[in-house]
Ligand code: HEM
Ligand code: HEM
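Residue numbers (this note's numbering), protein chains in the order written: chain A, 221 to 295; chain B, 789 to 1276.
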């Protein structure tokens, strides 16, 4: 009986109807922000620090050099 | 140029000089020939490419004429389609581009391959395993989930073999003589290192329900993005500057493109289940990452665009380069299109339509096939110093180009119409009639594509088997114009 009811009665949702915002058309803006804040901000910060460090310690020096030399490799 | 030329002696690449001792003790002398492994991978890839396209054409005919080959269980649409997809991905794309990787790694590192024997053996094991997996699907033993249809043990064997392949390439890079890593090597590393992780996750049958769908797409998208796309881009980064005899426009921009691709692609999986019953954060994270993919796409576009600027002359003469350009344009097109497809409103309209199929084939055929073919011609003329038939190659190019355009426009336009009809309330059955001629057009374009690839195989066969004699073939060699300078 219970099962029959479940199958036939329309679902009564308790949730408030949600209004979708428009962050690239992605649902509610807050959700976009919160799901990503925890990842993108720390990863972004670490990357920025890493890039500054790499730049200062000369890792980007002559970055084009290997691209020039690639042409000399014999096939 | 700020160059101190690398040692270009071929002896650096021949499999005898100083390597770790272990592979030498297990090496079979017959297999330890220079480039033997890469040839086995590359030509296996070309073989599977033709098989995948042939099955594609059969499927395409069945979609407008279902009576075609009806009544044979192994050739039912539901079995042929996963066979087409698995052969396309694991046969044609994986094997062909691994061939290119086995070619590039020794050259860019100036170091002989860690083990040619292992390379050849893994290639044959991969071929055998794929044949087994495909036969199993044809007999009805499918795991029933997209991109992971091959049943146990064939599925796990792919993962194990990849570890052996990755070990071989990675070891070569580790003991390299050239200290600097050219961008192609970054992409090869990105392809070979994480593969066993997502591949195993995707293929174990441990997850249930929604979780399973999310993991399934995490795996599948990494398979397209980190495995196939990385190997494809590595190849284009290697051959395009050489075809033009002009260095890459900017190694720094490729750095930006590489790291943003590596950072955002693994988040893209969720865009396959937009509006599905998955948590909202999975959708939103994946949509954001898909839009963020514009950064690597545009970086790649600018980099190759800058390199290719003003090279129309080479394009006219060098068919291999023309295929590279076709692959480049298709790659950029597929990726810009992909970022758009991920926009939620548009996805609601287009997800279940043939638009996805058009996107897939622009990626796999426009980018994947054209890129590999560019490498095949490059290899024949630059490395083997063989002159292939220019006439056949022209036919091949135009049939392939028309085939791709025909496939992508017929399916792309059909997808838009389907989406519009469904949005207007029409039923699935209601659009079947509409689909008919578009499906015929797709099969026709696929047929042209297939004929083009058969011409390629014929051309390779003729080129590699005709006896080299002094002078003979020289005209051909000239006509494909070795080592052309840049024409501005
Ligand atoms: C002659 C060329 C080809 C033809 C005629 C062809 C045809 C087809 C057809 C009819 C389908 C089913 C589409 C649908 O459900 O409407 C399909 C799907 C697919 N094909 Fe091809 N194909 C060709 C080449 C390739 C190649 C070379 C690859 C390489 C990887 C490939 C990869 C795929 C994939 C991954 C799918 C599944 C797409 C999805 O589920 O979204 N195809 N193809
Ligand atoms: C920036 C790059 C890309 C983005 C953002 C992207 C986005 C997407 C999206 C949103 C879908 C799902 C469509 C749907 O089902 O509603 C999709 C499907 C697909 N894409 Fe891409 N794409 C990109 C590049 C590529 C490339 C380069 C390839 C191939 C080499 C590729 C292969 C595929 C395949 C095979 C599917 C179909 C999966 C299936 O439903 O079976 N994508 N892509």
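Note that CB positions come from ideal geometry on N, CA and C, so glycine has one too.
Residue-level contact by beta carbon fails for residue 1059 of chain B and chain A, as no gap is shorter than 8 Å. Ranked by Cα distance from residue 1108 of chain B, the first of B:1124, B:1139 and B:1182 is B:1182.
Counting along the chain, residue 832 of chain B sits inside the alpha helix (DSSP H) bounded by residues 824 to 852. If you look at residue 1141 of chain B, you'll find it isn't in any alpha helix (DSSP H); DSSP assigns it neither H nor E. With its beta carbon less than 8 Å from one in chain A, residue 1033 of chain B belongs to the interface. Listed in chain order, the alpha helix (DSSP H) elements of length 4 or more contained wholly in the segment 924 to 978 of chain B are 942 to 962. For the pair residue 1006 of chain B and residue 1224 of chain B, the Cα-to-Cα distance works out to about 34 Å. Exposed is the label assigned to residue 993 of chain B, since fewer than 16 other Cβ atoms lie within 10 Å of its Cβ. Rounded to the nearest angstrom, the gap between the Cα atoms of residue 1004 of chain B and residue 991 of chain B is 8 Å. Assigned with DSSP and collapsed to three states, residue 1214 of chain B falls in coil, not helix or strand. The count of Cβ pairs closer than 8 Å, one atom from the segment 1009 to 1018 of chain B and one from the segment 1047 to 1067 of chain B, reaches three, so the stretches are in contact. Not one heavy atom of ligand 2 sits closer than 7 Å to the Cβ of residue 950 of chain B.
When DSSP assignments are scanned along the segment 1165 to 1241 of chain B, the uninterrupted stretches of alpha helix (DSSP H) that are 4 or more residues long and fall wholly within it turn out to be 1178 to 1211. CA-to-CA, the gap between residue 291 of chain A and residue 1095 of chain B works out to about 13 Å. With distances taken between CA atoms, residue 1000 of chain B lies nearest to B:931 out of B:963, B:931, B:1233 and B:1229. With contacts defined as CB atoms closer than 8 Å, residue 283 of chain A and residue 840 of chain B fail to qualify as a contacting pair. The beta carbons of residue 905 of chain B and residue 815 of chain B sit closer together than 8 Å. Rounded to the nearest angstrom, the gap between the Cα atoms of residue 1188 of chain B and residue 1028 of chain B is 20 Å. The beta carbon of residue 856 of chain B lies closer than 8 Å to those of 846, 849 and 850 in the same chain, with the five residues before and after it left out. Residue environment for residue 927 of chain B: exposed (fewer than 16 other C-beta atoms within 10 angstroms of its C-beta). The distance from the Cβ of residue 1153 of chain B to that of residue 1195 of chain B is about 7 Å, consistent with a contact at the 8 Å cut-off. At least one heavy atom of ligand 2 lies closer than 7 Å to the C-beta of residue 1155 of chain B. Rounded to the nearest angstrom, the Cβ distance from residue 1161 of chain B to residue 1244 of chain B is 6 Å, consistent with a contact under 8 Å. DSSP places residue 1133 of chain B in the helix class (H, G or I) of the three-state scheme. For residue 1023 of chain B, the enclosing alpha helix (DSSP H) begins and ends at 1018 to 1032. The beta carbon of residue 819 of chain B sits no closer than 7 Å to any heavy atom of ligand 2. In its chain, beyond the 5 residues on either side, 1207 and 1211 have a beta carbon closer than 6 Å to the beta carbon of residue 1137 of chain B. With a cut-off of 8 Å on Cβ pairs, the segment 978 to 988 of chain B is in contact with the segment 949 to 963 of chain B, counting three or more such pairs. If you keep only unbroken alpha helix (DSSP H) runs of at least 4 residues inside the segment 1068 to 1112 of chain B, you get 1068 to 1080, 1082 to 1096 and 1100 to 1105. Residue 1176 of chain B is positioned such that its CB atom lies no closer than 8 Å to that of residue 1076 of chain B. With a beta-carbon spacing of about 5 Å, residue 1150 of chain B and residue 1122 of chain B fall inside the 8 Å limit used to define contacts. Within chain A, the residues placing a beta-carbon under 7 Å from that of residue 1171 of chain B are 295, ordered along the chain. Of the candidates B:1090, B:865, B:950 and B:1171, B:865 places its Cα closest to the Cα of residue 844 of chain B.
Residue contact with chain A for residue 1043 of chain B: present (Cβ-Cβ distance below 8 Å to some residue of chain A).
Beta-carbon to beta-carbon, residue 837 of chain B and residue 1241 of chain B are separated by about 6 Å, close enough to satisfy the 8 Å threshold. Along the segment 977 to 1015 of chain B, the alpha helix (DSSP H) occurs as fully enclosed runs of 4 or more residues at 983 to 991 and 997 to 1010, listed in sequence order.
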